[in-house]
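Chemist:
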Amino acid sequence: MFLGGIDAGGTTINCAVAEYSSSKPNILEQKKISTSSPVETMPKILRFFESKQIDALGIACFGPVDLNINSVTYGYITTTPKLNWRDFNIVGHLKNEIKGPVGFDTDVNGAALAELKWGSAQSVESCVYLTVGTGIGGGAIVGNKLVHGLLHPEMGHVIVRRHPKDDFQGICPNHGDCLEGLTSGLAIEKRTGIKGEELKDKSATTWIIISNYLAQAVVNYILVLSPQKVILGGGVMKHDHLFPIIRKDVKQLLNSYLLKDELLDGINDYIVYPGLGEDAGLFGGFALAIEALKSEKKQ
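Under my numbering, think of the first position of the sequence shown as 1, with each following residue one higher.
(1) With 16 other CB atoms within 10 Å as the buried threshold, where does R161 fall?
(2) Judging by CA-CA distance, which residue of T206, P173, K202 is the nearest neighbour of E189?
(3) Where DSSP assigns a beta bridge to I267, which residues make up the other side?
(4) Based on the DSSP output, what are the partners of E29 in its beta bridges?
(5) Mind reading off the beta-carbon distance from C15 to I27? Whole number of angstroms is fine, and I expect it under 8 Å.
(6) Excluding the five sequence neighbours on either side, which residues of its own chain have a C-beta within less than 7 Å of the C-beta of L282, listed in chain order?
(7) Give the DSSP bridge partners of F104, in chain order.
(8) DSSP has K145 in a bridge; who is on the other side?
(9) My output table needs one value for L130: the three-state DSSP class, helix, strand or coil.
(10) So, under 8 Å CB-CB, E115 and A280 are touching, yes? Tell me the CB distance rounded to an integer number of Å.
(11) Can you have a look at P173 and say buried or exposed, based on whether 16 or more other CB atoms are within 10 angstroms of its CB?
(12) If you follow the alpha helix (DSSP H) that A121 is in, where does it begin and where does it stop?
(13) Does the Cβ-Cβ distance between G133 and G58 come in under 8 Å?
(14) For K32, tell me which candidate among K44, S23, S21 has the shortest Cα-Cα distance.
(15) Where does S51 land, buried or exposed, given buried means 16+ other C-beta within 10 angstroms?
(16) Suppose the cutoff is 6 Å on Cβ atoms and the five residues either side in sequence are ignored; what does the same chain contact list for D177 look like?
(17) Quick one: residues in its chain with C-beta nearer than 7 Å to the C-beta of N89, no 5 flanking neighbours on either side, listed in chain order?
(18) Going by beta carbon distance, what residues of the same chain come within less than 6 Å of E29, once the five residues before and after it are set aside?
(19) So, is S23 buried or exposed, given that buried needs 16 or more other C-beta atoms within 10 angstroms?
(20) Measuring only the C-alpha atoms, how far is V158 from D55?
(21) Between S21 and chain C, is there a C-beta pair that is closer than 8 Å?
(22) What residues match up with N89 in a beta bridge as DSSP calls it?
(23) Can you look up G10 in the DSSP assignment and give me helix, strand or coil?
(24) Just grab the DSSP bridge partners of V230 for me.
(25) Please classify I136: does DSSP put it in a helix, a strand, or coil?
(26) Check for me: the alpha helix (DSSP H) holding M42 runs from which residue to which?
(27) Is L288 closer than 8 Å to F104 when the C-beta atoms are compared?
(28) I need the boundaries of the alpha helix (DSSP H) containing P244, first residue and last residue.
(29) Measuring alpha carbon to alpha carbon, tell me which residue in V272, G266, Y221 is nearest G139.
If you want it as structure tokens, here you go:
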């Protein structure tokens, strides 16, 4: 069985074909395409898949997106700040040209599902996946099911308590100083003049502030969703010196309120980097393709 996967990020769309395996899909071919505009990007995606014999396609997409299967705008990218993609029917365009069922969800929900199947969360039934890169987004699984509802989780826009040493106003166009506005790669670049992925000084006060905000967010996710694993990915989290700071701050913020070993002596194995690394989103596409096949068989 062959799967098509799309990890549609804000700057790059990663397309791939993989052969299904119970251990982990084996990638056979992949191509990265710039997320410029539908007019330029969609033909390149279709050209990649046109000669491929795939049984299903999964799209893990930047958002916000409409996931309500009964909505007239299901499969649309909706109120994204990327104006070229706003109100674009990405599922419809691909479904018209590619045979087989199409699975669709946010890029971070897809990554969470992939981590549950093949990555750092294989041993549990619930997890939170947060990517900290150019922007911040989060996906969640509870009881082996992706969290949906009114829309989908928008974990990057939670409000955090301002650090006493921080006077940065934030850059989120909607909320100013939400988590993304204070902590994303773009926010770090605005603070320091250096891209978040490239800031090398481990002792910089910026990292103390950033880690505290991320810890506050993680505590909120723990209190609301009670995940059995918290996975922090994205370009900023490649700075592995952040993990000990975040774990320490999470323990201090919880203040022994939840007496679970995972949040105490076992916290190093509780708040972790993605087992699939940078490919979590792409494998999210494969995971959504598998779910689409399962749904088709139930019908």
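Even for Gly, the Cβ is constructed at its ideal location relative to N, Cα and C.
Modeler: Well, looking at it:
(1) exposed
(2) T206
(3) Bridge partners of I267: none, in fact.
(4) V17
(5) That belief does not hold up - the Cβ atoms of C15 and I27 are roughly 11 Å apart, past 8 Å.
(6) G5, D7, N14, A16
(7) I59
(8) V142
(9) strand
(10) 6 Å
(11) exposed
(12) First-last for A121: undefined, no H or E at that position.
(13) no
(14) K44
(15) exposed
(16) G170
(17) G75, Y76
(18) V17
(19) exposed
(20) 38 Å
(21) Within the model displayed, chain C is absent; a lone protein chain is all it includes.
(22) Y76
(23) coil
(24) V128, I271
(25) strand
(26) 38-50
(27) yes
(28) 242-254
(29) Y221
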